[in-house]
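Residue numbers (our numbering): 3 to 299. Positions of the beta carbon are idealized from the N, C-alpha and C atoms, including for glycine. Have a look at the structure below, then the notes.
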């Protein structure tokens with residue numbers, strides 16, 4: 003079991019290679035490579051296929067030389083869902099390139115947010131959303147198979163007309179499993195975003211809770227996004243800077259038999275990116291020692 007962190011902010015500040023260097027210096031041995039750190043119209047995504055492949059193969063070798071593996075990637079957001087066929091086609095091509103990049107990094111999993119229709123909240127539009135996503139998954143399936151990459155379904159949230167965070171597509175573990183079953187467990191797994199699960203407080207959805215979701219997802223749970231918040235805003239802080247019950251969550255995760263990495267998904271400023279990543283690493287080392295000492299080298 004390794005400690006991993008997302009590359010988003012450090013890549014924005016320093017670029018790919020310098021970001022990996024700094025992540026390695028902090029002590030991490032894996033990364034969640036944030037593909038959407040680069041806009042879809044940047045030179046990286048418009049270069050020739052051969053150059054694109056060589057870029058990520060070289061980046062993988064550079065990271066590996068630093069002792070860094072790529073344990074998951076995060077595709078561009080939003081997942082294709084536009085009002086025009088042309089717009090959806092263009093967005094989908096970016097997702098396909100994200101899958102290719104994931105394979106070139108020798109990374110087994112890519113987190114791809116489900117498409118969320120605009121008014122899909124608190125169960126409304128759930129059937130329409132599943133139909134849309136099933137069609138998208140059908141398009142992705144041959145590419146995932148060709149490149150040997152598995153899609154990770156992440157739990158999501160939305161906001162109502164008053165700005166109140168609420169449930170939406172795949173907010174619950176039960177719906178995540180339904181989406182995984184569309185592709186099958188040979189091509190899809192679960193990514194539990196612990197912070198997202200702390201944002202939804204609905205009496206009609208009592209199982210939207212980090213510990214209960216760990217139980218329900220069972221052996222389909224291969225990835226986690228760890229970050230803290232106050233239960234109302236998606237801050238993506240290091241553990242200990244919010245109100246999440248980390249002892250209960252780590253105890254549950256350890257007892258579930260989880261064998262993936264502890265991966266932090268942070269959102270920081272230029273001034274706090276390194277200190278936040280360090281704070282998360284310190285928390286992660288404590289978690290490993292207290293709860294996962296039997297699963298670390």
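Item                                                                                                                                                                            : Value
Going by Cα to Cα distance, which pick from 64, 156, 45 and 80 is closest to residue 216?                                                                                       : 156
Does the distance from the CB of residue 223 to the CB of residue 190 come in under 8 Å?                                                                                        : no
Is it buried or exposed for residue 206, if we count other Cβ within 10 angstroms and need 16 for buried?                                                                       : exposed
Would you mind working out which of 106, 203, 209 and 131 sits nearest residue 181, comparing C-alpha positions?                                                                : 131
Could you check where the beta strand (DSSP E) with residue 6 kicks off and where it finishes?                                                                                  : 5 to 8
Per the contact definition of three or more C-beta pairs closer than 8 Å, is the stretch 246 to 256 in contact with the stretch 57 to 67?                                       : no
Would residue 204 pass as a contact of residue 124 if the rule is Cβ separation under 8 Å?                                                                                      : yes
Going by the beta-carbon positions, is the gap between residue 96 and residue 114 smaller than 8 Å?                                                                             : no
Taking the alpha helix (DSSP H) that residue 177 belongs to, which residues open and close that run?                                                                            : 175 to 185
Compute the beta-carbon to beta-carbon distance between residue 242 and residue 285, rounded to the nearest angstrom, for a pair I have assumed lies under 8 Å.                 : 6 Å
Anyone know if the C-beta pair for residue 106 and residue 59 falls short of 8 Å?                                                                                               : yes
Using a Cβ-Cβ cutoff of less than 6 Å, which residues in the same chain neighbour residue 248 once the five nearest sequence positions on both sides are dropped?               : 241
Which runs of the alpha helix (DSSP H) spanning at least 4 residues fall entirely within the stretch 221 to 261, listed in chain order?                                         : 248 to 257
In terms of residue numbering, what span does the beta strand (DSSP E) encompassing residue 71 cover?                                                                           : 71 to 76
With a cut-off of 8 Å on the beta carbons, I'd call residue 268 and residue 238 a contact; round off their distance for me.                                                     : 5 Å
Within the same chain, show all residues whose beta-carbon is closer than 6 Å to that of residue 233, passing over the 5 residues directly before and after it, in chain order. : 200 and 245
Roughly how many angstroms separate the alpha carbons of residue 173 and residue 158, rounded to a whole number?                                                                : 5 Å
Thinking just about the alpha-carbon of each residue, which of 228, 37, 270 and 264 is nearest to the one in residue 30?                                                        : 264
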